[in-house]
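Residue numbers (my numbering): 646 to 969. Structure first, commentary second.
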């Protein structure tokens, strides 16, 4: 089973426009939909659609519309009490794939809520192979809250603890890799997030150079991060593990929405790892899943059957052996 944890979930409302967005004007929409969202929730939705045993862990109260959406979609989930409505986000998509997102901040994160999440992950994590800690942090959260969850769950479960994947950005990503005793088994930044994490300050240059991505990520792996999956949008993705680095690119697709593409990439990697694929094949599935998501409208997520890993070209960048 793969658990996902979303501390700042959202009800995602997507509006599709038949023409480019005109600021300050009144426009009609060609379509609209509403989905349960937040990065971890999206990962769970992809896994569930692909037939993988999963559980979405999130804060939320009975009757909240987001929990109703998850129930209607039959996505397995368990919620801890929040005491406030789950936030709503708005996404606007244009015909050429341009996507505009407006994200609300979310309800504050309290110590009691973190304790409840940890208790739930400890209880359900005994049967899990992975826990994906994903998404932005709500107001009041310490930047290293993900590292704290990793540390506490590992202490409680010992050798039976699951692997941990982290998909976040900014201070939360830095906080998740700040403590050597709580480093994740996988992080999934994009090029700009990786550049910010290591302090290079030039995300565009990094995204244009897969070899530089691999070299940069290898320094994190040398510190003890298990693997770095760096997504590069249309440029594919780079996977760096202790034994090597690979770059993968999918054949061109018509982009309808980039919302959730990174989440789908993470889900693709995890489901491939769950079935025992080699690292380069985990990367292949990650890129296939992300590309399939980009070709779908709004916040729709792809099932495994909708992905085309055969359209992904993987090349080895360089073999290496990382020692910490």
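C-beta atoms are modelled at their ideal positions from N, C-alpha and C, and glycine is treated no differently.
Spatial neighbours of residue 674 in its own chain (CB-CB distance under 7 Å, excluding positions within 5 residues in sequence) are listed in chain order as 660, 661, 662. By DSSP's assignment, residue 812 forms a beta bridge with 779. The region 742-810 contains, as complete beta strand (DSSP E) runs of 3+ residues, the segments 744-747, 775-779 (chain order). Rounded to whole angstroms, residue 866 and residue 857 show a C-alpha spacing of 14 Å. In this structure, the straight-line span from the alpha carbon of residue 894 to that of residue 929 is close to 8 Å. Cβ contact annotation for residue 877 (same chain, cutoff 6 Å, sequence separation greater than five): 836, 852, in chain order. Around residue 686, the same chain offers 651, 654, 701 as residues with beta carbons nearer than 6 Å, after the five sequence neighbours per side are excluded. Scanning the region 816-899 from its first residue to its last, the whole alpha helix (DSSP H) runs of 4-plus residues come out as 836-843, 848-852, 855-868. Per the C-alpha coordinates, the member of 714, 726, 699, 897 positioned closest to residue 656 is 714. Around the beta carbon of residue 849, a 10 Å sphere encloses fewer than 16 other beta carbons of the protein chains shown; the residue is thus reported as exposed. In chain order, 809, 827, 829 place their CB closer than 7 Å to the CB of residue 795, counting only its own chain and leaving out the 5 sequence neighbours on each side. In this structure, the CA atom of residue 780 is about 12 Å from the CA atom of residue 790.
Here residue 783 is buried, its C-beta having at least 16 other C-beta atoms within 10 Å. With a cut-off of 8 Å on Cβ pairs, the region 722-735 is not in contact with the region 951-959, counting fewer than three such pairs. Check the Cα spacing between residue 825 and each of 793, 917, 949, 744: the tightest is with 793. In this structure residue 744 is in contact with residue 903, their Cβ atoms being roughly 5 Å apart against a cut-off of 8 Å. The C-alpha of residue 778 lies about 15 Å from the C-alpha of residue 823.
In the DSSP annotation of this structure, the continuous segment of the beta strand (DSSP E) that includes residue 679 starts and ends at 676-682. Across the structure, residue 748 and residue 813 are spaced so that their CA atoms are roughly 15 Å apart. Beta-carbon to beta-carbon, residue 788 and residue 817 are separated by about 6 Å, close enough to satisfy the 8 Å threshold. Annotation: the continuous alpha helix (DSSP H) that includes residue 929 extends over 924-939. Membership of residue 723 in the beta strand (DSSP E) is indicated by the continuous run 722-725.
In this structure, the alpha-carbon of residue 766 lies about 45 Å from that of residue 669. The secondary-structure analysis by DSSP pairs residue 671 with nothing; it has no beta-bridge partner. The C-beta of residue 939 has 16 or more other C-beta atoms within 10 Å across all chains shown, which makes the residue buried. Rounded to the nearest whole angstrom, the CA to CA distance from residue 709 to residue 691 is 21 Å. Ranking 936, 901, 872, 949 by CA distance to the CA of residue 923 puts 872 first. With respect to the 8 Å criterion, residue 931 and residue 882 are classified as neighbours on the basis of their beta carbons.
Residue pairing by DSSP places residue 951 in no beta bridge whatsoever.
Beta-carbon to beta-carbon, residue 750 and residue 724 are separated by about 19 Å, too far to satisfy the 8 Å threshold.
The alpha-carbon separation between residue 746 and residue 905 amounts to approximately 11 Å. The continuous beta strand (DSSP E) containing residue 655 extends over residues 655-661.
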